[in-house]
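Quick notes on the structure that follows.
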Amino acid sequence: MLLLKLTLIPTLLYLLSLVARYRGPGFAGWLSGLPIVAGPILWLLAHEQGKAFAAMAAMQAIAAIAASEVFNLIYARTASRQHWPVALAAALSGWLLAALLLQQLTPSLLLALGIAALSVSGNYVLLPRPPKPALDSSSPDRLWLRMLAAAVLTLGVSTAAHRLGPAWSGVLAVFPLLGVVMTASIQQAQGPAAVQTLLRGMLLGRFSFAAFCLTLVLLLPRLESHSAFLLASLLSLLAQSLSRCGLRR
């Protein structure tokens, strides 16, 4: 399990960084909407803490989309005026405040879906619409730094999730790990317009993430965990393919 935590997500981040370099940050942002961070974390929780724990965490993860969108909005707006350390600190502060507010709500699937839908539709309007940026030309050495940061964050998030229960586990499963690593490095290499393109691309990926978590909430109490995660992954890929037309807009 430790080896999986330390290798899977950094490897996925490396692949996303290559996508950003050769296909652009918008396409990479769209792909990062897939549950490539939360999926492994929820799978680990199901195997280490049980299916009921993972189902509750998945429901909370749907609502926690709102906290990630708060991070994205603050970073996108702040990056236009400030360097990445200031933008990252402001965005993480916003995420933490939103996460704390979510902990005060009574868990409900309909409420979680409503909060997620409101945050995504709000950011569709509020996120900047920059011109298409050039492709990434940064040094390949930065990819290894991104992978190292991802490994450290993944281990910290998954360890904290075990200690804090299903509500915080769901929120931490949607911790903007990819956002933290990719926004800072892309802003350094390409500037704020590329970061804003990345974050707008992430909006489209929220549909596949929500489909994944919703399927887990509904099926984990009824099916064996491997079957539930397989069906959730298939529905997530279907939602992702349906959202691709939005990349052309």
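Each residue of the sequence shown is one higher than the one before, counting from 1 in the numbering used here. The beta-carbon is built from N, C-alpha and C at its ideal position, and this holds for glycine as well.
The three-state reading of DSSP puts F71 in helix, counting H, G and I together. In terms of Cβ geometry, Q240 and G205 form a close pair [threshold 8 angstroms].
In its chain, beyond the 5 residues on either side, L73 have a beta carbon closer than 8 angstroms to the beta carbon of L126. Excluding residues up to 5 positions away in sequence, A79, T183, I186, Q187 lie with their Cβ nearer than 6 angstroms to the Cβ of V195 in the same chain. Taking the Cα of T106 as reference, the smallest distance to any Cα among A167, H83, S68 is reached at A167. As the crow flies, the alpha-carbon of G33 is around 18 angstroms from that of L230. Cβ contact annotation for I36 (same chain, cutoff 6 angstroms, sequence separation greater than five): L12, in chain order.
Contact annotation: G170 and A61 have beta-carbon atoms nearer than 8 angstroms.
In the DSSP annotation of this structure, the continuous segment of the alpha helix (DSSP H) that includes T183 starts and ends at 177 to 190. Residue burial is scored here from C-beta neighbours: Y75 has at least 16 other C-beta atoms within 10 angstroms and is therefore classed as buried.
If you draw a straight line from the Cα of R163 to the Cα of Q49, it comes to about 11 angstroms. Under a 10 Å Cβ-count criterion, S119 is classified as buried, with 16 or more other Cβ atoms of the shown protein chains found around its own Cβ. DSSP, reduced to helix, strand and coil, places A64 outside both helices and strands of the structure shown, so it counts as coil. In this structure, A228 sits away from F212, with a CB-CB distance that is not shorter than 8 angstroms.
Bounds of the alpha helix (DSSP H) holding P40 are 38 to 49.
Contact check for P85 against L198 fails: the beta carbons are separated by 8 angstroms or more. Where V174 is concerned, there is no enclosing alpha helix (DSSP H), because DSSP gives it neither an H nor an E. Collapsing the DSSP output to three states places H226 in a helix.
Sixteen is the threshold: when 16 or more other Cβ atoms of the shown chains lie within 10 Å of the Cβ of Q190, as they do, the residue is buried.
Cβ neighbours of S68 within its own chain (closer than 6 angstroms, five residues either side excluded): V174, P176. When the alpha-carbon of A54 is set against those of I65, L42, A64, Y14, the nearest one is in L42.
In the structure shown, S108 adopts coil according to DSSP, grouped into three states.
Secondary structure at Q196: helix, using DSSP grouped into helix, strand and coil. Between A66 and A98 a beta carbon distance of about 6 angstroms is seen, short of the 8 angstroms cut, so the two are scored as contacting. In the structure shown, the three-state DSSP call for P221 is coil. Counting of Cβ neighbours within 10 angstroms places P221 among the exposed residues, the total staying below 16.
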